[in-house]
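The sequence shown begins at 39 in the numbering used here and counts up one residue at a time.
Think of the CB as a built atom: it goes at the ideal place given N, C-alpha and C, for glycine as much as any other residue.
Remember, predicted model here, so these are calculated numbers, not experimental data.
Take a look at the structure below.
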Amino acid sequence: MSHDVSTPPFPRPRWQAVLALSTALALSACGGDDDAAPTPGPAPVTQNATAQLALLETTDLHYYGRSYNYYADKEDKGVGLERTATLIHQARTEFANTLLVDNGDTVQGTVLGTYEAQVAPIPATQQLTMYKAMATLKYDAGVLGNHEFNFGLPYLNQILGGGLDVAGVDPAAGIKANGPGFPMVTANVTSLKTGKPLIEPYVILERNLTVTLADGSSGKVPIKIGVLGLTTPGILNWDKDKLEGKVSTQDGLETARKYVPEIRAKGADVVFVLLHGGMSTGGYSVNMENPGYYITKEVPGIDGIVMGHEHNVFPNRGTNPAYKAEGVDNARGTVNGVPAVMASSWGKGLGVISYTLQWDGAAKKWSIDTAKTAVDVRNIQNGAEYVASDAAVVTAMQSLHDKTRAYVSSPIGSSDFRLASMFADLGDPAALQVVNQAQQEYVAQYVQNSLPQYASLPVLSVTAPFKDGYASSVDYTNVAEGTLSVAAAADLYLYDNNTIHAVKVNGAQVKQWLENAANRFNQIDPAKTTDQWLINDSKTGVQPGSSFPGYNFDAFTSPDISYEIDVTQPKYNVNDPSKGGERIKNLTYKGQPMTAAQEFIVATNNYRANSSAPFILGTGKAFDIVWAAPDANREVVLNYVKRQQNITRAANGSARSWRFTKVATAGKVLFKSAKDSLAIAQAAGLSNISVDRADDTGVNAGDGSYTIYRVDLNQ
């Protein structure tokens, strides 16, 4: 998605950066040219002066250092710090002075981060490769995101260079020289051992700004820049097993109220907030996940806020921006009058807030010319073009890049059957059951260990055929029989940004969930003598109505669950119970009818848990989320396969929980899938499927790349 780039209302001469040595709290020089040398502080300036300062933000990099998809083993130009770095260098040639900050969720997200944390853990003497790459860009400050806690406090202590005085951690275990290389600040996470913030809450950076003096000459004027860090309190839910009894979290708004005046009192000329959170606008609540809107509204003295966590873009000057509320100005890039920016995720964009500062030489005081402040998000992709890669970042990550590619291609187990999704829509569990087993085991273990209040509830799991032939005739999960590699996990679970979530539901809600999933199918008229398509999608285009994507077709694959789908019944209408809702028949749990009041924990993904409730349960309804786990579904599947070693159809690919309700039809019921795949259906025991036409040439604009199969609903 592209977004408008504001043209600044002032010239931007090149700034020769002034760099000084730094520690976690000492004051480092402003980011700038890579080869700039340290210089002495400037002499006092009594003239009035003007300066330009740009606050540059990366956020939610999630270890996308390189523009590469490791599971697919191919380049992905749409992501990666190696390209964001080019935008940073361009900004430094454009603005007289820059301050580069990272907004968290940096060290976890791709297999690169997992490799260094868990596969081949780096020694304490080695700097995290992501930080090594960031060091080439001379970051000025950063904040901890929620995913910084995913690998535990000892690991966090190590990669930060030591100093975490918290239970279970040796503060001296890290080595200062091998930390991130820039001050890391977070004010609202407190060590229960000390009663103090886990790391420094803020830093005041002293900078020497290049200015234009009143007489037209160039000069240097010192400035003090306060940087306050805040993260989402949700870490105590998402990483409860690693953090409970060790840290506490505080409300972001109240923490900002506490520290912004303190930073001002210590002489900061400008104050920036690094918020690893977004901006919900539906009403304030204590410890809310995304408090940016209310911080800007309620806390005076903030000159700029950078946001993230939600992986959105602000400002967005397109036709349908993500954030729309009173006080949110996408045109100006302000929230309640405060300049604000959120630069997407994965290195896709660079957030830029550019300021014009006025120096009063007599009063020795800085002020901001608010009329000349500009905010935008600059993208690494513009149309079909991408910015070039930065050689320094590429080089810094090359060794880890090579090791990770080798790891992903390495064997993790074997399978005695083909894990394919060509007939998942017809009940074949081959590509789904191992995913459900992995999710179920992962959640069940956590519930038993950390959620005793739910320990008596059965844990179920649902997943969907994410690759269902929609994109092309080869768009199916298709993991061959034999050796399984790490890359097989990507084929089994398409979305690398999905994370495990567990929700508590009752039997009535389970049925609603399945009724919604059954909307994948058209209503079949048994008396109709002409052909009927089982699924309505853009490739058949036979019947009116919107298509229902395969990634929403959730299914159980467990011998404990059994149900039928009656496609002769109307589709489910969540907001009108009188229309539909009777497709799911004979729903049982362990051989007994499932009652409406029975309670279960269901393992699913973050998108289903957070976004799908209105479509499954009804408008205004929400799932009862009992655990928002930090780990990606894909990684959970990968780890499960590694533990199992040998995947077999009998144990991992034959638990078919559902079938179509039997009905005789006067005409043919048709289904499109991959060519020459009937043997896959037969191996799965789907004897009611036959080939109707070898290819789809001429059928609803078919290009001949699919086969048309016939489904006998009476078998």
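In this model, Ala-688 and Gln-478 are separated by some 18 Å (Cα to Cα). Beyond the five residues adjoining it in sequence on each side, Lys-112 comes within less than 8 Å, by CB distance, of Tyr-106 in the same chain, given in chain order.
Runs of the beta strand (DSSP E) spanning 3 or more residues and lying entirely within the stretch 525-560 occur at 537-544, in chain order.
By the Cβ criterion, the stretch 333-341 is in contact with the stretch 272-291, since at least three pairs of Cβ atoms, one from each stretch, lie closer than 8 Å. About 18 Å separates the CB atoms of Lys-258 and Ile-242; that is not less than 8 Å, and the two are not in contact. With a threshold of 16 other beta carbon atoms within 10 Å, Pro-608 falls short and is exposed. The DSSP assignment places 167-173 and 191-197 as complete runs of the alpha helix (DSSP H) inside the stretch 157-219, in order along the chain (cut-off: 4 residues). For the options Asp-454, Gly-316 and Asn-216, the alpha carbon positioned closest to that of Ser-383 is the one of Gly-316. Note on geometry: alpha-carbon atoms of Lys-680 and Tyr-531 lie some 15 Å from one another.
Excluding sequence positions up to five before and after Arg-694, its CB lies within less than 6 Å of the CB of Gly-465 and Pro-467, all in the same chain and listed in chain order. If you check the CB distance, Leu-166 and Ile-213 do not come in under 8 Å.
Along the length of the stretch 719-747, whole beta strand (DSSP E) runs at least 3 residues long occupy 727-731, reported in chain order. Per DSSP, Tyr-445 is one residue of the alpha helix (DSSP H) stretching across 429-446.
Sorting Ile-639, Val-432 and Leu-312 by C-alpha distance to the C-alpha of Ser-494 places Ile-639 at the top. Phe-310 has Val-265 and Gly-342 as its beta-bridge partners, per DSSP. For Ala-722, the CB contacts under 7 Å within the same chain, skipping 5 residues up- and downstream, are Phe-461, Asp-466 and Ala-468 in chain order. Between Gly-217 and the set Ala-205, Tyr-177 and Thr-232, the nearest pair of CA atoms involves Tyr-177. When Gly-588, Lys-402, Asn-354 and Ile-340 are compared, the shortest CA-CA separation from Ser-459 is found for Gly-588. According to the DSSP secondary-structure assignment, Asn-684 is paired through a beta bridge with Ser-452.
In terms of Cβ geometry, Tyr-101 and Ala-525 do not form a close pair [threshold 8 Å].
Closest in alpha carbon position to Glu-553, among Gly-520, Thr-521 and Glu-602, is Glu-602.
Asn-738 sits exposed, since fewer than 16 C-beta atoms from the chains shown fall within 10 Å of its C-beta. Counting along the chain, no beta strand (DSSP E) covers Gly-151; the unbroken alpha helix (DSSP H) around it starts and ends at 149-152.
Counting the other Cβ atoms within 10 Å of the Cβ of Val-701 gives fewer than 16, which makes it exposed. With fewer than 16 other Cβ atoms inside 10 Å of its own Cβ, Lys-659 counts as exposed. For Ile-418, no alpha helix (DSSP H) segment is defined, and its DSSP state is neither H nor E.
If only uninterrupted beta strand (DSSP E) runs of at least 3 residues are considered, those enclosed by the stretch 463-519 are 497-499. Straight-line spacing of the CA atoms in Pro-564 and Gly-629 works out to 29 Å.
If you draw a 10 Å sphere on the C-beta of Ser-728, you find fewer than 16 other C-beta atoms in it, and that means exposed. Shown here for Asn-516: same chain residues with a beta carbon closer than 6 Å to its own, the five before and five after excluded, namely Ala-458 in chain order. The beta carbon of Gly-201 sits closer than 6 Å to those of Pro-209, all from its chain and outside the five residues before and after it, given in chain order. Between the alpha carbons of Ala-89 and Val-324 lies a distance of about 39 Å. Rounded to whole angstroms, the gap between the alpha carbons of Ser-405 and Ser-392 is 14 Å. Only exposed fits Asn-420, as fewer than 16 other CB atoms lie within 10 angstroms of its CB. Shown here, Lys-362 sits in coil according to DSSP, grouped into three states, outside any helix or strand. For Gly-330, there is no enclosing beta strand (DSSP E); the enclosing alpha helix (DSSP H) has its first and last residue at 330-336.
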